[in-house]
Amino acid sequence: MELTGKVILVTGGTGSFGKKFIEVVLRQDVKKVIVFSRDELKQYEMAQEYTNPRIRFFIGDVRDKERLYRAFDGVDIVIHAAAMKQIGACEYNPFEAVKTNINGAQNIIEAAIDRGVKRVIALSTDKACSPINLYGATKLTSDKLFVAANSYVGDKETKFSVVRYGNVVGSRGSVVPFFKKIRATGKIPITDERMTRFWISLEMGVRFVIDNLKRMQGGEVFVPKIPSMKVTELAAAIAPECEIEIVGIRPGEKLHEAMITEDDARQTLEYEDYYLIQPEFPWWKKDYGNGGKPVPEGFRYTSDSNSEWLNVDDLKKLVNE
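Number 280 in full-length UniProt numbering belongs to position 280 of the sequence shown; there are no gaps in the numbering.
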């Protein structure tokens, strides 16, 4: 789908992803970009920074279906980035996470269909794959809702897909700014020296979403091929002068993350720089015509068994980006 002349709405648009997405998409000839979020201060601050006349700001919460109906009027594309993301906050406020991440997802779906939105991409996370914490469980449910939504669109044109990727370097609330903040203490806390994670830059994440707006047919979960890293090496890249202190794995944390399980693999196609998990719909017979190959039996895509790894220099480059 070409973006020229389109009206695009981003939920959670004042977050790290939303700001970068808007910065990138405004380089194209879009008609309008709507920032939908619930924090008036962040919208005010963003309005001072982004003065392009094609930006609109809309106060609202994805929990409020009526507000979404109003916000989606005349919108062609929705990027759903709003979520409760902090693992600890979700564990301590479980039903608040359900209301935002699950009920909010269903509200997005119903408003998009009823208001004639053409395409919706929902952002997911590696923590939605075999989840062990509430955040991951709510995001897995959200993913399932968006995939299943394609079954009851009827004769409407709305299509829903999901983009799933790992930790974003430098995003607000991530470990990178945390390490930068505390390196003056001379110690960096690491939960376990064996721990690995997938990493992607904001720019790469935004580009991947835009690429999938063009290739999506409705129901896919898109997973980029991105590098892994050891958390100890991230600490060495950001604070090489600091001592590493092992503090133990926190509740809800994994040693390694996964983005495709062995069970997902039966529906997964591999492309040059991404994987595509096809929906298990009886009517799903899509021909992408561009060389996707089924992954081998027993395939899994995990941060510890990845074929691509970042070293300290690579990490420094990503952090600077």
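Positions of the beta carbon are idealized from the N, C-alpha and C atoms, including for glycine.
This structure is a prediction, so every number in the text was calculated from the model and none was measured.
Among GLN48, VAL10, ARG266 and PHE222, which one has its Cα closest to the Cα of LYS32? Of the listed residues, the one whose Cα sits closest to LYS32 is VAL10.
Within the same chain, show all residues whose beta-carbon is closer than 6 angstroms to that of ASN306, passing over the 5 residues directly before and after it, in chain order. By the criterion of a C-beta distance shorter than 6 angstroms, ASN306 is surrounded in its chain by SER228, once the five residues flanking it on both sides are discounted.
Expected contact under 8 angstroms - CB spacing of ASN150 and GLY104 to nearest Å: GLY104 and ASN150 do not touch by the CB rule: their CB atoms are close to 19 angstroms apart, not below 8 angstroms.
Just to confirm, is the Cβ distance from PHE146 to ALA128 under 7 angstroms? Against a cut-off of 7 angstroms, the Cβ pair of ALA128 and PHE146 comes out as no contact.
Nearest neighbour of TYR92, chosen from GLY252, SER174, VAL7 and TRP199 [CA to CA]: For TYR92, the nearest C-alpha among the options comes from GLY252.
Classify ASN167 as buried or exposed, calling it buried when 16 or more other Cβ atoms lie within 10 Å of its own Cβ. Only buried fits ASN167, as 16 or more other CB atoms lie within 10 angstroms of its CB.
Could you tell me if PRO294 is buried or exposed, where buried requires 16 or more neighbouring beta carbons within 10 angstroms of its beta carbon? Result: exposed.
I think GLY292 touches TYR271, with their Cβ atoms under 8 angstroms apart; what is that distance to the nearest whole Å? Confirmed, about 5 angstroms.
In chain order, what residues of the same chain have a beta carbon less than 6 angstroms from the beta carbon of GLY136, not counting five sequence neighbours either side? Counting only Cβ-Cβ distances below 6 angstroms, and skipping sequence neighbours, we find LYS127 and ALA128.
Take GLY5 as the anchor and find which of VAL153, TYR69, GLY18 and VAL30 has the nearest alpha-carbon. Selection VAL153, TYR69, GLY18 and VAL30 evaluated against GLY5 yields VAL30 as nearest (Cα-Cα).
Under the rule that 16 or more other beta-carbon atoms within 10 Å means buried, what is ASN52, buried or exposed? Note on ASN52: under 16 other CB atoms within 10 angstroms of its CB, so exposed under the neighbour-count rule.
Alpha carbon to alpha carbon, what distance is there between VAL75 and ARG207? Spanning the two alpha carbons is a distance of roughly 21 angstroms.
Just list the residues that DSSP pairs ASN167 with in beta bridges. Paired residues: TRP199.
Using the Cβ count rule (16 or more neighbours within 10 Å means buried), how would you classify ALA71? So ALA71 ends up on the buried side.
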